[in-house]
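Right, one structure below, let's go through it.
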Amino acid sequence: MAQIFHHSTNTIARVSIFGAVILIALLGYVAEVVNNSPYVTDVDVAQPQPVPFSHKHHVGELGVDCRYCHSSVEVSSSAGMPPTQTCMTCHSQIWTQAAMLQPVRASYRDSKPISWTRVNAVPDFVYFNHSIHVAKGVGCTTCHGPIAEMNITWRAQTLYMRWCLDCHNAPEKYLRPRSEVFNAFYTAPPDQLALGRRLVSEYNVQKLTDCTTCHR
Amino acid sequence: MADSPADKLAKQNVSAPILGPGHDYASVTDKISSIVLTHRTPKWWMLGFAVSFALLMLLMFAVTYLFALGVGIWGIQIPVGWGFAIINFVWWIGIGHAGTLISAILLLLRQQWRTSINRFAEAMTLFAVACAGVFPLIHMGRPWLAYWMFPYPDTMKMWPQFRSPLAWDVFAVSTYATVSLLFWFVGLLPDLATFRDRAKNRATKIIYGVLAMGWRGSAIHWQRHEMASLLLAGLATPLVLSVHTVVSFDFSFGIVPGWHSTIFPPYFVAGAIYAGFAMVLTLAIPLRKLFGLEDFITMRHLNNMGKVMLAAGLIVGYGYVMEAFMGYYSGNQFERYMTLNRMFGPYGAIYWCLIVCNIITPQFLWFRKVRASVGSLFAIAMVVNVGMWLERFVIVVTSLHRDFLPSSWGMYYPTRWDWATYIGTIGLFLTLFFLFIRFLPLISIFEVRQLVAIEAEKKKAE
Numbered sequence: 067m068a069q070i071f072h073h074s075t076n077t078i079a080r081v082s083i084f085g086a087v088i089l090i091a092l093l094g095y096v097a098e099v100v101n102n103s104p105y106v107t108d109v110d111v112a113q114p115q116p117v118p119f120s121h122k123h124h125v126g127e128l129g130v131d132c133r134y135c136h137s138s139v140e141v142s143s144s145a146g147m148p149p150t151q152t153c154m155t156c157h158s159q160i161w162t163q164a165a166m167l168q169p170v171r172a173s174y175r176d177s178k179p180i181s182w183t184r185v186n187a188v189p190d191f192v193y194f195n196h197s198i199h200v201a202k203g204v205g206c207t208t209c210h211g212p213i214a215e216m217n218i219t220w221r222a223q224t225l226y227m228r229w230c231l232d233c234h235n236a237p238e239k240y241l242r243p244r245s246e247v248f249n250a251f252y253t254a255p256p257d258q259l260a261l262g263r264r265l266v267s268e269y270n271v272q273k274l275t276d277c278t279t280c281h282r
Numbered sequence: 020m021a022d023s024p025a026d027k028l029a030k031q032n033v034s035a036p037i038l039g040p041g042h043d044y045a046s047v048t049d050k051i052s053s054i055v056l057t058h059r060t061p062k063w064w065m066l067g068f069a070v071s072f073a074l075l076m077l078l079m080f081a082v083t084y085l086f087a088l089g090v091g092i093w094g095i096q097i098p099v100g101w102g103f104a105i106i107n108f109v110w111w112i113g114i115g116h117a118g119t120l121i122s123a124i125l126l127l128l129r130q131q132w133r134t135s136i137n138r139f140a141e142a143m144t145l146f147a148v149a150c151a152g153v154f155p156l157i158h159m160g161r162p163w164l165a166y167w168m169f170p171y172p173d174t175m176k177m178w179p180q181f182r183s184p185l186a187w188d189v190f191a192v193s194t195y196a197t198v199s200l201l202f203w204f205v206g207l208l209p210d211l212a213t214f215r216d217r218a219k220n221r222a223t224k225i226i227y228g229v230l231a232m233g234w235r236g237s238a239i240h241w242q243r244h245e246m247a248s249l250l251l252a253g254l255a256t257p258l259v260l261s262v263h264t265v266v267s268f269d270f271s272f273g274i275v276p277g278w279h280s281t282i283f284p285p286y287f288v289a290g291a292i293y294a295g296f297a298m299v300l301t302l303a304i305p306l307r308k309l310f311g312l313e314d315f316i317t318m319r320h321l322n323n324m325g326k327v328m329l330a331a332g333l334i335v336g337y338g339y340v341m342e343a344f345m346g347y348y349s350g351n352q353f354e355r356y357m358t359l360n361r362m363f364g365p366y367g368a369i370y371w372c373l374i375v376c377n378i379i380t381p382q383f384l385w386f387r388k389v390r391a392s393v394g395s396l397f398a399i400a401m402v403v404n405v406g407m408w409l410e411r412f413v414i415v416v417t418s419l420h421r422d423f424l425p426s427s428w429g430m431y432y433p434t435r436w437d438w439a440t441y442i443g444t445i446g447l448f449l450t451l452f453f454l455f456i457r458f459l460p461l462i463s464i465f466e467v468r469q470l471v472a473i474e475a476e477k478k479k480a481e
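Protein sequence lines, in the order shown, are assigned to chains L and E. Per this note's numbering, residue 67 is the first one in the first sequence, and the count goes up by one each step. Per this note's numbering, residue 20 is the first one in the second sequence, and the count goes up by one each step.
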């Protein structure tokens, strides 16, 4: 009886057994890498804006406080996006003819808000409140990254639930004194864990990890 | 010399042999492989396959509509949130159990009568598990997120709730499906090689050749095959008991009168074997008739399966009695109310139907004459198939529909989409089964050949 298969089939069959295992492992690895890549998460990707607003210039070089523009961050769930009037408090006096600021003046003239491209957004089914985080000693730069170095703003964290839970499970790793919350140049002290533990008890920080804390 | 009573008994058993007379290795191989390789596709196969495939399309239609609109198209609501999906899941997964019992436990117990029925019983297991698997998936509001049930390193840092038997179910059923598939496939290897060697055209040779994975039938192949089969049988044996135990936990972990009961695991396992053997009979009786396999699936097989069904049915009956007794004996007013409501409430008729189907009817199997009659065995098996479905309906619906508070009471009425999905999975099952009997050896050729050798040795000894 003639052979149906070439004798190399034996080798191919053996290799394919290990090949399948390696292939599946590789697929899992690729899925993990893609899922954490900027392509999916937008982390470190500067988003084009209608006006090239620079946090680096305003915060880093001029020292404008976060709350000057994001004024509701201490009292509301939303930090608040500044109305054009906030821009014009300064820019009605300085750089009044700058071409770069043309859309800002147009917005002011026509009473039409500038439509900024959103950089940080949690999914719709997540309830997030800025004020409580600020009140418990979570600094702006903990989540929003080195904002004083961003010419055009990018997202600094994935905002994945895994990332939320990392802090909710161990807040002592991230907390800072309330007085430092809005400090854009803050660096954690070497004894962060000791400080964090002290702040956790002082500020009465609870490890809220119930589903209903965020998914209401 | 006069026969002792024990000898007489043995002779009576032998009188219906497990293999028809006059078979040798060649005739066994010829007969079984000719079904696939040389015979033309029979007309009844075409007709049966067409009907099954139409029903499968009904399933596709019902599921597509479900995915578009959501589970609101079904009759489920609060308080009856489980409905047909879980009834059918338990029904199908129970049916699968007989295949594993026949192939694994009876192999370890060296019961030779399993040989000619194990192959298609295992196929039945696989296809039933496939049908069962459909239901929990489509019962989820968002079936495209079904992979959330598995523990994997996800971006949410979420794990399945391991305290919930529903999470155990995922592992129980997927393990069951994997082991059953492996066992079935390992068993098929020598027969696939037989098909490869007997195939006439090149395409068929290649297809069966690839599936046979290079089987040459050398002594070392057989030795390893034997070892692998035994190991897989050892793995599959606890699964016969564990899978339906875990399924019963889905209910008994819930603090719901009618579910919260320690008798559930054994009672579910017995019910599974009961339903499974009923389904094996339902399939075996037409198969042996249509393919002329009376020499391989003999009256001895049918008789034995009738006996197993009777035994399993009695255990199930004991379960029903105990449930009713505990309703009274617990002294718990909710338990008592649930039991009375189950028997005499709005779904009372279904309860009594179930008692007739599952307890009264199988009592006929006590009679040798009934077990010797193919027609009555088939009828009883069909009645049990229906009865076991009704049992799951009663457990799911009557326990839920009267909640603790009368203000939360409600009725459950299945919609046409419930029925379409259920009937559709029967289509899925039959479609797979029709394909199986057309393209694979529905009886294990090599094991029947072994049987020939054993029978020959027995004759020599006499």
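For glycine and all other residues, C-beta sits at the position ideal for the given N, C-alpha and C. Owing to the predicted nature of the structure, the values given are computational and were not obtained by experimental measurement.
Proximity below 8 Å, CB of residue i to CB of residue j
| i | j | result |
| --- | --- | --- |
| LEU259(L) | LYS239(L) | yes |
| GLY367(E) | ARG355(E) | no |
| SER52(E) | ARG217(E) | yes |
| GLY126(L) | ALA214(L) | yes |
| VAL402(E) | TYR293(E) | no |
| VAL205(E) | SER237(E) | no |
| PHE214(E) | VAL55(E) | yes |
| THR144(E) | VAL259(E) | no |
| LEU126(E) | GLU474(E) | no |
| PRO98(E) | GLY429(E) | yes |
| TYR226(L) | MET175(E) | yes |
| ALA297(E) | ALA400(E) | yes |
Residue i, DSSP secondary structure in three states
| i | result |
| --- | --- |
| ARG129(E) | coil |
| ARG221(L) | strand |
| VAL507(E) | Outside the modelled stretch of chain E, which goes from 20 to 481, sits residue 507(E), for which no answer is possible. |
| ALA250(L) | coil |
| ALA112(L) | strand |
| MET318(E) | helix |
| LYS239(L) | helix |
| LYS219(E) | coil |
| ILE70(L) | coil |
| ALA145(L) | coil |
| TYR166(E) | helix |
| LEU459(E) | coil |
Span separating the alpha-carbon of residue i from that of residue j
| i | j | result |
| --- | --- | --- |
| ILE198(L) | THR219(L) | 24 Å |
| ASP22(E) | LYS479(E) | For ASP22(E), the predicted model reports a pLDDT of 46, less than 50, meaning its position is unreliable; a value from the coordinates is still stated below. Rounded to whole angstroms, ASP22(E) to LYS479(E) spans 20 Å at the Cα level. |
| PHE272(E) | SER418(E) | 13 Å |
| LEU454(E) | VAL87(L) | 30 Å |
| PRO88(E) | ILE157(E) | Inspection of the sequence shows that residue 88(E) is occupied by Leu rather than by Pro. One C-alpha to the other measures close to 12 Å. |
| ARG361(E) | TYR370(E) | 7 Å |
| LEU384(E) | SER395(E) | 9 Å |
| HIS72(L) | TRP241(E) | 23 Å |
| PHE85(E) | ARG182(E) | The question names Phe, yet the displayed sequence has Leu at residue 85(E). Distance between the alpha carbons of LEU85(E) and ARG182(E): 30 Å. |
| ASN76(L) | MET341(E) | 59 Å |
| HIS263(E) | ALA151(E) | 12 Å |
| TRP436(E) | TRP93(E) | 6 Å |
| SER193(E) | TRP203(E) | 15 Å |
| SER267(L) | ASN235(L) | 15 Å |
| VAL200(L) | ASN102(L) | 27 Å |
| GLN270(L) | PRO114(L) | The question names Gln, but residue 270(L) is Asn in the sequence shown. Between ASN270(L) and PRO114(L), the C-alpha separation is close to 40 Å. |
| CYS230(L) | THR208(L) | 12 Å |
| TRP132(E) | ILE274(E) | 43 Å |
| PHE84(L) | ALA212(E) | 24 Å |
| HIS2(E) | GLN352(E) | As shown, chain E starts at 20 and ends at 481. That puts residue 2(E) outside it, with no answer to give. |
Listed by chain order, chain E residues near residue i by CB distance under 7 Å
| i | result |
| --- | --- |
| ASN249(L) | Here the premise fails: no neighbours, minimum Cβ distance about 29 Å. |
Cross-chain neighbours of residue i in chain E, by beta carbon under 9 Å
| i | result |
| --- | --- |
| ASN76(L) | GLY233 |
| ALA79(L) | MET232 and GLY233 |
The ligand COA heavy atom lying under 7 Å from the CB of residue i
| i | result |
| --- | --- |
| GLN113(L) | With respect to the ligand COA, the structure shown offers nothing to examine, as it has no ligands at all. |
Listed by chain order, chain L residues near residue i by CB distance under 9 Å
| i | result |
| --- | --- |
| LYS219(E) | Chain L residues near LYS219(E): none, gap ~13 Å exceeds 9 Å. |
| ILE225(E) | ILE70 and PHE71 |
Where residue i meets chain E, residues with beta-carbon distance less than 8 Å
| i | result |
| --- | --- |
| ASN101(L) | THR174 |
Contact list for residue i against chain L, beta-carbon separation under 8 Å
| i | result |
| --- | --- |
| GLY228(E) | ILE70 and PHE71 |
> Just by C-beta distance, which residues in the region 219 to 231 of chain L are closer than 9 Å to chain C?
Replying inline: You won't find chain C in this structure, because its protein chains are L and E.
>> Please give the ranges of any beta strand (DSSP E) in the region 375 to 440 of chain E, keeping only runs that are unbroken, at least 3 residues long and fully inside the region.
In response: none
>> Quick check for students: name the residue ranges of the alpha helix (DSSP H) that lie wholly in the region 261 to 325 of chain E, counting only runs of 4 or more.
In response: 283 to 309
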